[in-house]
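For the sequence shown, the UniProt record's numbering begins at 1 and goes up steadily by one. Below: the structure, in structure tokens.
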Amino acid sequence: MWRSVHRYSSRLQQHLTLQTIRCTVARHCSQSAQSGVPYETNLSTASTTDAITAPPSADVVIIGGGSIGCSTLYHLAKLGITNTVLIEKDQLTAGTTWHTAGLVWGLRPSDTDIELLSYMRHLVGDVLEQETGVDPGWINNGGLFTASNKERLDEYKRMGTVGKAFGVESHILSPEETKKLYPLMNCSDIYGTLYSPGDGTIDPAGFCTALTRSATKAGAKVLTDCQVTGIQTGEDDFGTHRVQGVETSGGTIKTPIVVNCTGVWAPNIGALANVAVPLLAMKHAYVVTERIEGIQNMPNVRDHDASVYLKLQGDALSIGGYESNPEFIDTMNNDFAFSLYDLDWDVFSTHIDGNVQRVPVIGETGIKSTVCGPESFTPDHKPLLGEAPELRGFYHGCAFNSSGLMLGGGSGRELAKWIVNGRPDLDMYGYDIRRFSRSLVHDKTWIKERSHEAYAKNYSTVFPHDQPLAGRNKRKDALHQVLSDAGCVYQEALGWERPGYFTPEGKAEIREYDYYGSYGHEAHKDYAYNDRLRDDYTFEFPKHHNVIGKECLAARNAVAVFNMSYFGQFYLTGPDSQAAADWIFTNNLDKPVGSTIYTCMCNKAGGTEGDLTVSIIDPMAVSSPLAPSFEGRGFYVAAGGGVAEHVKSHMQTEIQDKRFQCQIVDVTNEMGVISIQGPKSRELLQALATDFDFSNEAFPFSSHKIMTIAGHQVRAIRLTFVGELGWELHVPNDAAVDIYQAVMQEGAKHGVTNGGYRALDSLSLEKGYRHWHGDLRSDDTPLESGLGFTCKLKMDTPFLGREALEKQKAEGLKRRIACFTTDPSLALLGMEVLRRNGEVVGYFRRADHAFALNKGIGYGYVQKSDGSTVTNAYLKEGEYTVERMGEIYPAKIHLKTPFDPSNDRIKGFYE
Ligand SMILES: Cc1cc2nc3c(=O)[nH]c(=O)nc-3n(C[C@H](O)[C@H](O)[C@H](O)COP(=O)(O)OP(=O)(O)OC[C@H]3O[C@@H](n4cnc5c(N)ncnc54)[C@H](O)[C@@H]3O)c2cc1C
């Protein structure tokens, strides 16, 4: 039906200028518009490359012939995997890809995105046409981001600065310089612009044709006019649920791997295999203007503050943006192909003022056509990639949040490596399906609220401490209300509410999502939590800097209590549990009961897939959250709550692939963690558990005991994440409030303070402890990140990643983490660029203010431009600087943590 009504629709909406549309919309509720995509050709009339008979088997089946499907097929072929089939229900590009605006920017506020975008520009600029003879339509007219306020320009300066670490050219221009570059632009109200000459646009038909031309030449198959109707799954002889085949209108293909690249249809394909695909389809649009004299060769423009973009379209402009009331699409029909929706001017008209304000001639220019299509959006505006934890062999490759062309090239490359090597090369955790909690991926309200907010805020300034207002209060631990009453300002992580910091300004509770006043909702007024978020809308020290400092200094000088109950907690038991622990964890787990071991987990390439603690436990006679009953060896694994899904999935996958007879029992929802840290922690706990001896001799660092506090059994583990004397109390939920209150009551004698994760982040950085997915990621090995001591390389025990680490050790490290400190007045946030003797050698992965040292502190990986070994001598001999928002400052390198390098405080020696 869609096809008959709208297919190939390209009639023009003549004689209507944006100014008149604004008036018309004001008078009438809805203004229907004809549609027309501004590309000279599309692939809607292409003939199928093969007869529609599916081959009986394939190594990989990709479903969906859009940007990401074609790119994945191409990159699999580049890795030598050509027994592959791409299945497309219509013709290539028929979904969202054919009508894309095709913009490719070079800079985004994420290092991974910048790397993916750099690769994309290389692919379309230097590779595809040379390789295939097909022009991907790359037009390199540059990009200009306009800033209407200081914070926005600061954000651009930050992006431009980190771009230097990846060789991305950019310039901050004054309003006058901008006017010279873009004479039709109104520059009277701007602070400045970021000009990125490498940006441009591509043609989707050319891009996908070039990719598939190359792949099919190498042996891959493309089946068009072929629909996937079923996914066959089953259990292997170990009981693991796996993909077995794909049913199509052209027959069944036996395959162990299916890649779901079906864009807005991806939830339908997921449903065929009972796999959750947490995305929301929405309508997204741009309009194409009539000819504009003088616009030729102008760069593309993003006016983030007005939430609009202007793309050069020959001698006209394509104009689009992000509104706060996008239209949701409830169901995506299978016969929707090369189709568009009528543009709802009531929704789109919000962009008119912004566009006309930025380029006034637009107001006098006619609209040639409108393009309104379906696109998929996710709860955090990042795509969904990687293997589904619930079904082995089912890979996600979808949900590109209106960036699927520019990110398609690089994402396809990483996805292909993921399939072939088990892991991508880049740090793709931000795209990995396992960044979401299993408890939320089926929650339609959460998906809708969060995806809406992420869409509406797509062009908002990305402040480092911002938090969502949508989809909150989904996972609360036992201490949530008590801490809320104490002024806790919560952060969200994996759906959990975890303490951010404690404000003296009173309660800051999180309310039901108000959709920012859209869809008939009333926008909240007097919203204290939102006010606290706004206090952080700066790239300088935020308003609560000193409040967080107080929490940090309490942990350093007295005692602080951190609620870490969102931690992931798992028991690993069963006949092969020791063998599994030996294989999965890099550290030696062959230790006596009572030991607690800090360890990494690696992938085959030696990249770090997590850092966590494992305690070797005795069974309980009767299973309890504190320990199950089991025979043989038992391990209690505790991992940072924000990455717990990833940690669990990594362990599970290895157990399945290596066929270890053991199980993981997840007690995350049944347990809390109260961490008591600081010089007074021993006295405090000793008073609460008088039967136990908390001395170094009786209770050494890295050990644990079951004890009774406030009438409840707890597991006390002597550990610290802040570099102080301290213990974590792992407690069943029903005991958490009693224990917390007993701790606070006793702690009052010692000046106890509540602390949140803002303080924990600063304290851990000051001490030099890593955060997984911050200064330690899957593209960093433990050796590079200074965690070689967690790897049992001196023993004979095999473990995952061992060979790669041995090789790296033998060859010498080509990149190494180092600590840098700066003047205390410098607000460091991460992504600042590091130079050694004037040459760029890296950037800060994580940076903050160190309150006890009273310095700016950051950790970054140092790498030489010639790729040779980075030695201690090389590190020590350099003169270092840090570039922050375009300004350069001196920095001092430290090969050891500058805070308590001999670990005296951890041992309780405070003299
Ligand atoms: C108005 C608009 C402007 C945009 N502008 C930009 C931009 O400037 N830059 C940018 O990078 N991105 C932009 N995007 C986003 C970009 O176009 C998309 O992210 C991208 O095209 C998505 O590609 P895909 O391969 O994931 O999905 P799609 O292109 O939708 O491909 C999915 C394919 O799966 C097929 N399929 C579905 N079900 C089945 C089945 N059962 N069997 C077989 N095949 C099936 C469909 O027919 C379809 O061809 C824009 C999007 C819109 C809507």
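Every residue gets a Cβ at the ideal spot worked out from N, C-alpha and C, and that includes glycine.
(message) Are the CB atoms of L385 and S411 within a distance shorter than 8 Å?
(response) For the purposes of this step, residue 411 is identified with residue 411 of the sequence shown, where counting begins at 1. For the purposes of this step, residue 385 is identified with residue 385 of the sequence shown, where counting begins at 1. Against a cut-off of 8 Å, the Cβ pair of L385 and S411 comes out as a contact.
(request) Please list, in chain order, all residues of the same chain as E911 whose beta carbon is under 6 Å from its beta carbon, the five residues on each side excluded. (result) The count along the sequence shown starts at 1 and reaches residue 911 at position 911. Closer than 6 Å at the Cβ level, and outside the excluded window around E911, lies no residue.
(request) Take the Cβ of F909 as the centre, count every other Cβ of all protein chains shown within 10 Å, and call the residue buried at 16 or more, exposed below. (result) Here residue 909 refers to the residue found at position 909 of the sequence shown. F909 counts as exposed, since fewer than 16 other C-beta atoms from the protein chains shown sit within 10 angstroms of its C-beta.
(request) Give the single residue among T461, G641, D477 and L572 whose Cα lies nearest to the Cα of A493. (result) Locating residue 493 in the sequence shown gives position 493, counting from the first residue. The shortest Cα separation from A493 among T461, G641, D477 and L572 belongs to G641.
(request) Specify the secondary structure class of N300 as computed by DSSP and reduced to three states. (result) Along the sequence shown, read from residue 1 onward, the residue named residue 300 stands at position 300. In the structure shown, N300 sits in a strand (DSSP, three-state: E or B).
(request) Taking N355 as part of the alpha helix (DSSP H), name the residues at either end of that continuous run. (result) Your numbering for residue 355 matches position 355 in the sequence shown. Unbroken alpha helix (DSSP H) run through N355: I352 to R358.
(message) Spatial neighbours of R758 within its chain, please: C-beta separation below 7 Å, excluding the five flanking residues on both sides.
(response) Residue 758 sits at position 758 when you count from the first residue of the sequence shown. Hits under 7 Å: G500, Y501 and I548.
(message) Tell me which residues share the same chain as K543 and place their Cβ nearer than 8 Å to its Cβ, disregarding the 5 neighbours each side in the sequence.
(response) Translated into positions along the sequence shown, residue 543 becomes position 543. These residues qualify, in order along the chain: D535 and D536.
(request) Using 7 Å as the cut-off, classify the Cβ of T262 as near or not near the heavy atoms of ligand 1, replying yes or no. (result) Position 262 of the sequence shown, counting from 1, holds the residue named residue 262. Yes, the Cβ of T262 comes within 7 Å of a heavy atom of ligand 1.
(message) Counting C-beta neighbours from all protein chains within 10 Å, is the total for H122 16 or more, i.e. buried, or is it exposed?
(response) In the sequence shown, the residue the question calls residue 122 occupies position 122. Residue environment for H122: exposed (fewer than 16 other C-beta atoms within 10 angstroms of its C-beta).
(message) To the nearest angstrom, how far is the alpha carbon of R213 from that of E88?
(response) Position 213 of the sequence shown, counting from 1, holds the residue named residue 213. Position 88 of the sequence shown, counting from 1, holds the residue named residue 88. If I take the Cα positions, the gap works out to 15 Å.
(request) Quick one: residues in its chain with C-beta nearer than 7 Å to the C-beta of Q808, no 5 flanking neighbours on either side, listed in chain order? (result) As a working mapping, residue 808 is identified with position 808 in the sequence shown. Answer for Q808: G606, T781 and L783, listed in chain order.
(message) Our contact map puts L793 next to E806 with C-beta atoms below 8 Å; I'd like the distance itself, whole angstroms only.
(response) For this step, residue 793 is matched to residue 793 along the sequence shown. For this step, residue 806 is matched to residue 806 along the sequence shown. Between E806 and L793 the Cβ distance is about 7 Å, and since that is below 8 Å, they are a contact.
(request) Mind checking who C208 pairs with in its DSSP beta bridge? (result) Locating residue 208 in the sequence shown gives position 208, counting from the first residue. According to DSSP, residue pairing for C208 in a beta bridge does not occur.
(message) Using C-beta distances below 7 Å, list every residue in its chain close to A388, excluding the 5 sequence neighbours before and after it, in chain order.
(response) As a first step, residue 388 is located in the sequence shown; it is residue number 388 there, counting from the start. Its chain contains V275, F394, H396 and I433 as the residues whose beta carbon lies nearer than 7 Å to that of A388, once the 5 sequence neighbours on both sides are disregarded; these appear in chain order.
(message) Quick check on T370: buried or exposed, where buried means 16 or more other Cβ atoms within 10 Å of its Cβ?
(response) Within the sequence shown, the letter at position 370 stands for residue 370. So T370 ends up on the buried side.
(request) Pull up the distance between the alpha-carbon of M1 and that of L479, whole angstroms please. (result) Position 1 of the sequence shown, counted from the start, is the residue given in the question as residue 1. Position 479 of the sequence shown, counted from the start, is the residue given in the question as residue 479. Any reading at M1 must be qualified, since the residue scores a pLDDT of 26, below 50, and its modelled position is unreliable; no value is offered.
(request) Could you give the DSSP three-state label for D666: helix, strand or coil? (result) Mapped onto the sequence shown, residue 666 falls at position 666. In the three-state reduction of the DSSP assignment, D666 falls in the strand class.
(message) Is it buried or exposed, A698, if we count other Cβ atoms within 10 angstroms and call 16 or more buried?
(response) If you number the sequence shown from 1, residue 698 lands on position 698. A698 should be labelled exposed.
(message) Looking at the strands, I want to know which residues DSSP matches up with F799.
(response) Your numbering for residue 799 matches position 799 in the sequence shown. Per DSSP, none; premise fails for F799.
(message) For M671, list the residues DSSP reports as bridge partners.
(response) As a first step, residue 671 is located in the sequence shown; it is residue number 671 there, counting from the start. Bridge partners of M671: P732.
(request) Just grab the DSSP bridge partners of I172 for me. (result) Stepping through the sequence shown from its first residue, residue 172 is reached at position 172. Bridge partners of I172: L194.
(request) State buried or exposed for A220, treating a residue as buried only when at least 16 other CB atoms are found within 10 Å of its CB. (result) Taking the first residue of the sequence shown as 1, we reach residue 220 at position 220. Classification for A220: buried.
(request) Report the three-state DSSP secondary structure of S57 (helix, strand or coil). (result) Sequence index remark: in the sequence shown, residue 57 carries index 57 (1-based). S57 falls in the strand class under three-state DSSP.
(request) Would you check whether ligand 1 has a heavy atom nearer than 7 Å to the C-beta of T45? (result) Translated into positions along the sequence shown, residue 45 becomes position 45. At a cut-off of 7 Å, the beta-carbon of T45 does not count as near ligand 1: no heavy atom of the ligand is closer than that.
(request) Kindly confirm or deny that the segment 279-288 and the segment 374-382 touch, where touching means at least three C-beta pairs closer than 8 Å. (result) As far as the Cβ criterion goes, the segment 279-288 touches the segment 374-382, which means the pair count is three or higher.
(request) Kindly give me the distance between the Cβ atoms of G495 and L440, rounded to whole angstroms, as I take these residues to be in contact under 8 Å. (result) If you number the sequence shown from 1, residue 495 lands on position 495. If you number the sequence shown from 1, residue 440 lands on position 440. Contact between G495 and L440 holds: their C-beta atoms lie close to 5 Å from each other, under 8 Å.
(request) Tell me whether F635 sits in a helix, a strand or coil according to DSSP, three-state version. (result) Walking along the sequence shown from the start, residue 635 turns up at place 635. The three-state reading of DSSP puts F635 in strand, counting E and B together.
(request) Closer than 7 Å by C-beta to T720: which residues in its own chain qualify, once you throw out the five before and the five after it? Chain order, please. (result) The sequence position of residue 720 within the sequence shown is 720, counting from 1. Shown here for T720: same chain residues with a beta carbon closer than 7 Å to its own, the five before and five after excluded, namely Q677, G726 and I906 in chain order.
(message) Does the distance between the C-beta of S403 and the nearest non-hydrogen atom of ligand 1 fall short of 7 Å?
(response) Here residue 403 refers to the residue found at position 403 of the sequence shown. Indeed, a heavy atom of ligand 1 lies less than 7 Å from the Cβ.
(request) Express the C-alpha separation of D189 and V25 in angstroms, rounding to a whole number. (result) Counted from its first residue, the sequence shown places residue 25 at position 25. Counted from its first residue, the sequence shown places residue 189 at position 189. Below a pLDDT of 50, predicted positions are generally treated as unreliable, and V25, at 37, falls in that range; the measurement from the model is reported next regardless. Approximately 26 Å between the Cα atoms of the pair.
(message) Using 8 Å for Cβ pairs, my map puts M620 next to L626. What's the rounded Cβ distance?
(response) Here residue 620 is taken as the residue at index 620 of the sequence shown, counted from 1. Here residue 626 is taken as the residue at index 626 of the sequence shown, counted from 1. Contact between M620 and L626 holds: CB atoms are separated by about 6 Å, below the 8 Å threshold.
(message) So if DSSP puts V222 in a beta bridge, which residue, or which two residues, is it bridged to?
(response) Reading the sequence shown from its first residue, position 222 is the one you call residue 222. In DSSP, V222 forms a bridge with L86.
(message) Let me check you understand the geometry: is the CB of M406 closer than 7 Å to at least one non-hydrogen atom of ligand 1?
(response) Position 406 of the sequence shown holds residue 406. At least one heavy atom of ligand 1 is nearer than 7 Å to the Cβ of M406, so yes.
(request) Hey, could you find the ends of the beta strand (DSSP E) T386 is sitting in? (result) Indexing the sequence shown from 1 puts residue 386 at position 386. A quick correction: the sequence has Gly, not Thr, at residue 386. Unbroken beta strand (DSSP E) run through G386: L384 to E387.
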